[in-house]
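Numbering (my numbering), first residue to last: 1254 to 1417.
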């Protein structure tokens, strides 16, 4: 049985995801705070500009707030999952620009934020990432783009230590 299969069967991902969601999404839903910053120098976000932003890094997210201070529970959950896997990522704050928020939604035809891209490909929002995280697909997706999940590394180390 592979390490990924062991992770999936252990239910660790589901327990950890539930813990993250309880810590991040629920408090934000209780205190629905909306922050919006109106840029004095609006930038035009055409498809080419967005494609360039998305292709600059292997993992790119468009979120409300910044990773250090997410402004919605769903953005926070995405950041926590990425950090749990040890994934380096580029984040774009859609609250800094209504133009960016509207443009990325139009670009993907996806109505919600956050939005996650792997290797230039749109994978979805928070719900999709959480599902992929829980069923182990996200570890496989990361492998395909040359990123080894810290969860997989930890499971391999634990497995190796048990053998010793």
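C-beta: ideal position from N, C-alpha, C; glycine also.
Once DSSP output is grouped into helix, strand and coil, what is the label at residue 1315? Here residue 1315 refers to the residue found at position 62 of the chain shown. Of the three classes helix, strand and coil, the one that applies to residue 1315 here is strand, per DSSP.
Can the beta-carbon of residue 1392 be found closer than 8 Å to that of residue 1404? The residue you call residue 1392 lines up with position 139 of the chain shown. The residue you call residue 1404 lines up with position 151 of the chain shown. Their beta carbons are under 8 Å apart, which means residue 1392 touches residue 1404 by this criterion.
Return the chain-ordered list of same chain residues with a C-beta closer than 7 Å to the C-beta of residue 1340, the five sequence neighbours on each side being excluded. Against the chain shown, residue 1340 aligns to sequence position 87. For residue 1340, where only same-chain residues beyond five positions count, the Cβ hits under 7 Å are 1312, 1395, 1400.
Check the DSSP bridge columns for residue 1343 and list the partner residues they point to. Along the chain shown, read from residue 1 onward, the residue named residue 1343 stands at position 90. Its beta-bridge partners are 1313.
By the DSSP assignment, the beta strand (DSSP E) with residue 1373 in it spans what residues? As a working note, residue 1373 is residue 120 in the chain shown. Looking at the DSSP string, residue 1373 is not in any beta strand (DSSP E), and its letter there is neither H nor E.
Here's a check: name, in chain order, each residue in its chain whose Cβ is nearer than 7 Å to the Cβ of residue 1323, leaving out the five neighbours to either side. Within the chain shown, numbered from 1, the residue matching residue 1323 stands at position 70. Cβ within range, chain order: 1316, 1317, 1329, 1332.
Residue nearest to residue 1343 in terms of C-alpha spacing, selected from 1415, 1320, 1337, 1298: Along the chain shown, read from residue 1 onward, the residue named residue 1343 stands at position 90. Ranking the options by Cα distance to residue 1343, first place goes to 1320.
Host alpha helix (DSSP H) of residue 1395 (start-end): For this step, residue 1395 is matched to residue 142 along the chain shown. Taken as a continuous stretch (DSSP letters only), the alpha helix (DSSP H) holding residue 1395 covers 1390–1397.
With DSSP as the reference, label residue 1350 as helix, strand or coil. Translated into the one-based positions of the chain shown, residue 1350 becomes position 97. Note: residue 1350 maps to coil in three-state DSSP.
Taking the continuous alpha helix (DSSP H) assigned at residue 1226, which residues delimit it? Within the shown structure, residues of the chain are numbered from 1254 to 1417, placing residue 1226 beyond reach of any answer.
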